[in-house]
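J.:
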Amino acid sequence: MKRKGAVLAAVIFIAAGFPAWAQAGGWGPYFSWGRDDPTAGFPDDVIRETLNSGYVPDPLKDIVREAMEEADIDFQIDHITFGVLYESAPSRDKLFSYRFALGFDIATKVEVQDISFEDIPVSISGLTGQLDENGYGFSMNHTFAFALVRNSLLKWWIGPGLRLNFNYYSLDYDIEAANVVIGGGGETGVNLHVTPNVSLCLGGGIHYNAFGYGAGTNEVGSLVWGDGPFYFIQVGALFHTGKDRNAWAASQAVP
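Those letters in the sequence shown? Residues 1 to 255, by our numbering.
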């Protein structure tokens with residue numbers, strides 16, 4: 001019941017602000033490709049089960065425990081995202097604008113690329129693999145853009161961005177998994193004004209994110225935390241509304 005109430009409150013909040021948003025700025029579709037490269041460690045329960053499996057001799061348990069606790073697991077997750085893009089001032093002669101992207105996200109590859117152990121010259125990158133299933137979820141990005149170049153042909157902007165991403169996986173043997181990513185970094189892009197009321201958007205950025213990945217069944221589960229960079233490129237289109245319609249023609253008109 002609490003969850004339904006929270007969702008309803010969010011819908012009411014967005015709906016209340018939508019008329020003001022719709023009267024200014026620009027709306028349109030976007031598509032992006034991105035890659036998460038986080039580094040995490042072994043979950044505590046995996047370490048515990050390994051030590052209790054019977055395959056590790058008692059004299060070596062402390063050594064194995066320490067090695068697993070200090071190990072680095074390098075993941076790689078590729079994303080394809082498409083959805084809705086909004087910008088508060090895509091073409092007007094304004095220094096600052098706010099950009100918001102909300103999209104359906106597909107994790108097309110989740111791969112363990114390497115597992116390395118501190119102070120031990122051992123790598124098992126050749127023995128790692130990737131999930132056979134795609135992950136489905138959402139991606140939300142907030143960008144605070146500062147336009148360094150603004151004219152009737154284009155707008156070049158740069159600024160910080162914040163990202164939240166979630167994906168869900170349904171695997172074999174009744175195993176379910178999910179990952180969540182949150183972080184931020186630098187972004188840049190250009191709005192090419194192909195007509196007085198339409199801009200083609202090209203952009204990208206580099207973020208540094210906190211990363212969580214969990215998997216399990218109804219009885220047992222594991223959770224790992226990590227961090228690492230995220231790289232992405234984005235293309236989209238913005239259809240101008242309100243004061244952004246014919247913005248440069250209006251600013252150059254003789255009073």
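By construction, the Cβ of each residue, glycine as well, lies at the ideal position given by its N, Cα and C atoms.
(1) With a threshold of 8 angstroms between beta-carbons, can SER91 be considered close to chain D, or not?
(2) Assuming contact is defined by CB atoms lying nearer than 8 angstroms, are SER32 and ILE233 in contact in what I supplied?
(3) Give me whichever residues DSSP pairs with LYS155 in a beta bridge.
(4) Using the C-alpha atoms, what's the distance from GLY26 back to ASP244?
(5) Taking one C-beta from the stretch 38–52 and one from the stretch 84–91 each time, how about it: are there three or more such pairs within less than 8 angstroms?
(6) Going by alpha carbons, who is nearest to VAL194 out of ASN151, ILE77, ILE158?
(7) Within the stretch 47–101, note down every full alpha helix (DSSP H) run reaching 4 residues or more, in order along the chain.
(8) Determine the burial state of LEU238: buried for a count of at least 16 other Cβ atoms within 10 Å of its Cβ, exposed for fewer.
(9) Take the Cβ of ASN191 as the centre, count every other Cβ of all protein chains shown within 10 Å, and call the residue buried at 16 or more, exposed below.
(10) Applying the 10 Å Cβ sphere with the 16-neighbour rule, what's the burial state of ARG48?
(11) For SER262, is the classification buried or exposed, using 16 other Cβ atoms within 10 angstroms of its Cβ as the cut-off for buried?
(12) Can you tell me whether SER53 is buried or exposed? The criterion is at least 16 other CB atoms within 10 Å of its CB, across all chains shown.
(13) Please classify PHE104 as buried or exposed, where buried requires at least 16 neighbouring CB atoms within 10 angstroms.
(14) May I have the straight-line CA-CA distance separating ASN246 from VAL149, to the nearest angstrom?
T.: Judging by the given coordinates:
(1) The displayed structure is made up of one protein chain only, and chain D is not part of it.
(2) yes
(3) ARG150, ASN191
(4) 7 angstroms
(5) no
(6) ASN151
(7) 61–69
(8) buried
(9) buried
(10) exposed
(11) Given that the chain is displayed from residue 1 to residue 255, the structure contains no residue 262 and the question cannot be resolved.
(12) exposed
(13) exposed
(14) 18 angstroms
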